[in-house]
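For reference, the structure discussed in these notes is given below.
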Amino acid sequence: MKRLVLSLALFALCLLPRFAAAQGFVVIVEPTDHRPPVILPAPPHPAPFALETASHRVGVKIDGQIATTTVEQEFYNPSARVMEGTYLFPIPRDAQIEKFQLAIDGKFIDAEMLDAAKARSIYEDIVRRAKDPALLEYAGQRLLKARIFPIEPRSSRKVRVTYREVLPLDFGGLSYRYPFAHDKVGSTTVRDAGIDVEVRSERAWSSVYSPSHAAKIVSEDSGRRVRITWEAKDTRPGADFELICTPPARTAGDVALTLLTYREPGAAADEEGFFALFAAPPPERSKSDAAAKDVIFVLDTSGSMSGAKIEQARKALRFCVGQLAKEDRFDVIRFSSDNEALFGRLEAADEGNRKRADEFITGLRAMGGTAIHDALKRAIEARPKEGTRPFVVIFLTDGIANIGPSSNDDILGMVRRTGGGAGARIFSFGIGNDVNTHLLDRIAGETRAVSTYVLPEEDIEIKLSNFFAKITEPVLTDLKLSVEGEGARLNALHPQALPDLFAGDQLVLVGRYRGKGDAQLKLAGKRAGREVVIAEKVSLDAPTARDSAREFIPRLWATRRVAYLLDEIRLQGENSEVRDEVTKLARKFGIVTPYTAYLIVEDEARRNVASDRRSMNELGKDQAATRVAEEAYTGFKRDQSGAGAVANARSQNAVLDAAQAPAALDYANKEAFRAAKAAPASPGQPKKAEAIGRLERFAAQGARFVNGRAFYQNGTQWVDSTLQGKAKTENPPKRVQVGSDEYFKLLNDHPDAAAWFALGRNVLIQLGGVDYEIHE
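Residue numbers for the sequence shown follow the numbering used here, so the first one is 988 and each next one is one higher.
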């Protein structure tokens, strides 16, 4: 029996990535007290000797520059046997352990602290014995080590670690990172994951931003106390958690500007760098500084709006009118085959006019056709000629224009002629699936606004109310950005047309730049009708070494850039230059959607790239999945209305102004595959659903973006995207076996490669101009 237990223990060690799914992890070993294994009925788990991570909770308190992190993990033994484990916790560089707690029979055990050299030997031993490099990227860190025994069948053990670190001051602000996900290979999910960060400071941070997670951020005490939370169930944390605190404006009460620059390691001196600009109004502003605004609500009351739609729209309009400040002016226009205005002009949002609006809204009934052209024309023409106030149109429709001028060009031409592109902002809400997404998206683009789509199962009231609450207080409108300095130039900005800046919001702008040294950054705009210019002295010198706090910038820029170019294809038509740029950027930065997957497969097949170097060789060999991707791209370009068109529009909106590239791409793919599933199967596609499933799995798992490089899965091998365009040479890649002396020497010579080697046991990669094939 002991021999059997030992064999199973070694088998579990070989399965290390399956249970090394959070920052602290457990290596299973043979029980040392020779207790007979406890046999229970077989559990319904496919891997009985792999611990599961039941919970991974992180609490962080940042006080000034001091960050105290408490990690609590719960590991569950789903098997029918007693297990013994060794808990290993990689300690972040320059951090100090304050407390380690592991409860066994009501007592807490002590842990051993290992320096970086001894920790590295443990990691290398795991790699040599288990042939698994998943933990290599932590090989340069110190290690906390503790024996956990017993781990009873169907029971769990909780581990709590607290460490403290001093956060460096950079760019006048702070950055924090928690390595949430070091499992690069396994498939284990965490049942309950979350992070709760509290930032306290004597200075008021202008903004707190997470480039990695779509976290909830609440600011209090004029920005001196900020709470950041993120949580998920049954998840596999796919990125380290990152946080950036940007400094306040130099002039109290003004908009704060923070510029972060980044150059890719090894970039030529004359090559463009990447930048991210944060513009944030002060956390608390005097009401006297608030810009009064003019708002026109335009509601579709055609027959298709009957029932729940019109009732939800009434509630939403009542909320919006109630949110208006007394200095604001407004009107309400309902339209169907004709249109009717509440006042026929802008009126003050006083108590009497609010009451009149409530009565008007209550009386709205759904009937007739959809005359969009004339309703929008009436709304835009209501803007006063002097145009000193922000002018906003909230446009709700559930249909396609079928009365009066109805083509996209007719309606867009009218918007331009009547001043829709010169100060008016038309925020469109498409309700249901029978809307013209191309029209609504182009109107939003022309007027520096956004379009939102409400699915039949979603609540119009919640969507509109949440949106309107965010734009109640304009701070700066008609924004323009410029830079002055030796050789300084900004280009390829995204978003290209800068949106207005509202209280409680922040602008995250990404782009490319040229220049070096000090420069003057200027953000010009209008505040309550007055011209305002905010100037900030910045440095265009990017860090010369890899900077983890800024690594998000290139991929965030590329994500937005690809979305912008795809929107050009969707709304304006395809051309080869735009298509080629989408393909190149998507491949380089690992931006995988059904549309980019098809473009990359088609491009590499057309160029006859060697099969072992193709980014998506496995997908290219799956004809049914490739056909699904091709049809998804065709529908993306073609469809203007219907469930697929709405899903495509929602997918695009998620990434055009993405705040976090990973979260935005996940949501965009969810919508894109919803569009694919909505399309009917073509003749000869009896198993379309299965093909979509394979394409979904590839989009989710077939590409990894690590340390500035994208890798694609080609069978059991991960292929460096920088190699895909190279033809096979007479000299094949140099083969290096995982765990060999040469393997670890290569890691010593190229420290950045640790994260790339951690992808798996088979990696085709270029290092220092040499091609290597890492193999088992």
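Ideal Cβ positions, reconstructed from N, Cα and C, are used throughout, including at glycine.
Asp1465 carries a strand assignment under DSSP once its states are collapsed to helix, strand and coil. An exposed status is given to Arg1352, since fewer than 16 other beta-carbon atoms sit within 10 Å of its beta-carbon. Residue environment: Pro1673 is assigned as exposed (fewer than 16 neighbouring CB atoms within 10 Å of its CB, all protein chains considered).
Taken through DSSP and simplified to helix, strand or coil, Glu1523 comes out as strand. The C-beta separation of Phe1685 from Ala1584 comes to about 7 angstroms, placing the pair in contact by the 8 angstroms criterion.
If one requires a minimum length of 3 residues, the beta strand (DSSP E) runs lying completely within the segment 1633-1694 are 1690-1693, in chain order.
Relative to the Cα of Asp1318, the nearest Cα in the group Ala1335, Gln1310, Ala1312 and Lys1302 belongs to Ala1335.
The DSSP-derived three-state label of Lys1342 is helix. Between the segment 1441-1455 and the segment 1474-1486 there are fewer than three inter-stretch CB-CB distances shorter than 8 angstroms, so the stretches are not counted as touching. Here Cys1232 is actually not in contact with Val1177; their C-beta atoms are around 27 angstroms apart, not less than 8 angstroms. Straight-line measurement puts the Cα of Asn1423 at about 48 angstroms from the Cα of Asp1739. When DSSP reads this structure, Gly1181 sits in a beta bridge with Arg1044 and Glu1218.
In the three-state reduction of the DSSP assignment, Pro1137 falls in the strand class.
Between the alpha carbons of Gly1355 and Ser1324 lies a distance of about 5 angstroms. Taking a 10 Å sphere around the C-beta of Ser1638, we find 16 or more other C-beta atoms and assign the residue as buried. Looking at the backbone, the Cα of Tyr1759 and that of Phe1455 are separated by about 55 angstroms.
If the five residues before and after Phe1744 are omitted, its C-beta is found closer than 7 angstroms to the C-beta atoms of Pro1120, Leu1123, Leu1734, Val1750 and Ile1761, all from its own chain and listed in chain order. Within a 10 Å sphere around the beta-carbon of Lys1721 sit fewer than 16 other beta-carbons, which makes this residue exposed. Nearest in C-alpha terms to Arg1501, of all of Arg1542, Thr1248 and Ile1398, is Thr1248. Asn1656 counts as buried, since at least 16 other C-beta atoms from the protein chains shown sit within 10 angstroms of its C-beta. Asn1604 counts as buried, since no fewer than 16 other beta carbons sit within 10 angstroms of its beta carbon. Residue burial annotation: Ser1563 is exposed, with fewer than 16 other C-beta atoms found within 10 angstroms of its C-beta. About 6 angstroms separates the beta carbon of Val1497 from that of Ile1540, a gap short enough to meet the 8 angstroms contact definition.
With contacts defined by Cβ atoms closer than 8 angstroms, Asp1281 and Arg1321 do not form a contacting pair. Counting only runs that start and end inside the segment 1713-1742, the alpha helix (DSSP H) elements of at least 4 residues fall at 1728-1736.
Nearest to Glu1338 by C-alpha distance, out of Gly1331, Leu1311, Ala1687 and Gly1374, is Leu1311.
The residue among Ile1521, Ile1556 and Lys1575 with its C-alpha nearest the C-alpha of Leu1543 is Lys1575. Look at Arg1412 here: in three-state DSSP terms it is strand.
Annotated as proximal: Glu1061 and Lys1145, with beta-carbon spacing under 8 angstroms. Short of 6 angstroms from the beta carbon of Asp1644, and not among the five residues preceding or following it, lie these beta carbons of its own chain, in chain order: Pro1482. If you draw a straight line from the Cα of Arg1557 to the Cα of Gly1577, it is about 21 angstroms long.
Annotation: Asp1396 to Leu1161 spans about 48 angstroms, alpha carbon to alpha carbon.
Within the same chain, no Cβ atom closer than 6 angstroms to the Cβ of Pro1530 is found once the five residues on either side in sequence are excluded. For Asp1609, same chain residues with a beta-carbon under 7 angstroms away, outside a window of 5 residues either side, are Arg1681 in chain order.
When only Cα atoms are considered, Ile1113 and Ala1180 end up about 26 angstroms apart. Val1757 sits exposed, since fewer than 16 C-beta atoms from the chains shown fall within 10 Å of its C-beta.
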